[in-house]
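Let me begin by presenting the structure, written as structure tokens, before commenting on it.
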Amino acid sequence: SRVMKCDKFLDLVLEKICSLENRAEIFVEPYMRNYSELETSQLNLMLQIARSNPVILLKIMQKNIESEGKMFDEASRYLLQNVDLCKCISEDEASFEELFDVLDSATQSSDSGALFVNTL
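Numbering-wise (the numbering used here), the sequence shown opens with residue 731 and increments by one.
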């Protein structure tokens, strides 16, 4: 029953955060700053919160890969596998294409990363 109460509380918090119009600026962006260090459950939470505006996750990923010179990692792969890419394309095709240009560059040295990006 303790787990159930915790789940209900989490659902309530999630509902409250999702109702905030500026949730991306006040919650998603700061929380995702170092998303490579997050656990899968935390990434799932961010995917839920950003469901109505998934482009924000792609922009964060792009900024992270560009500014940090980071390689395409497991967290990035997980986000791409689970974000609504169709919605991202329809909402902001330019940002979507910019991200994939960055991903092409970031995965050039990795056969498995390049293959993954090309299958999306």
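Cβ atoms here follow ideal geometry from the backbone N, Cα and C, with glycine treated the same way.
Using the C-alpha atoms, what's the distance from residue j back to residue i?
i      : j      : result
Asn774 : Asp814 : 13 Å
Lys793 : Lys735 : 37 Å
Met791 : Ser749 : 23 Å
Ser842 : Leu833 : 12 Å
Glu823 : Asp831 : 12 Å
Ile819 : Ile786 : 12 Å
Thr770 : Thr837 : 22 Å
Ile795 : Leu740 : 30 Å
Asp751 : Asn783 : Reading off the sequence, residue 751 comes out as Glu, not Asp. About 11 Å.
Arg781 : Ile747 : 12 Å
Glu821 : Lys738 : 32 Å
Tyr761 : Val743 : 15 Å
Cys816 : Ala754 : 19 Å
Asn812 : Ser797 : 23 Å
State the start and end residues of the unbroken alpha helix (DSSP H) segment that holds residue i.
i      : result
Glu823 : Glu823 to Ala836
Glu804 : Glu804 to Asn812
Met776 : Thr770 to Ile779
Do residue i and residue j have their CB atoms nearer than 8 Å?
i      : j      : result
Leu777 : Ser825 : no
Leu850 : Leu810 : yes
Ile779 : Phe802 : no
Ser835 : Ala805 : no
Could you confirm whether any beta carbon from chain D is found closer than 8 Å to the beta carbon of residue i?
i      : result
Ile779 : Protein chain content of the structure displayed is limited to a single chain, and chain D is not contained in it.
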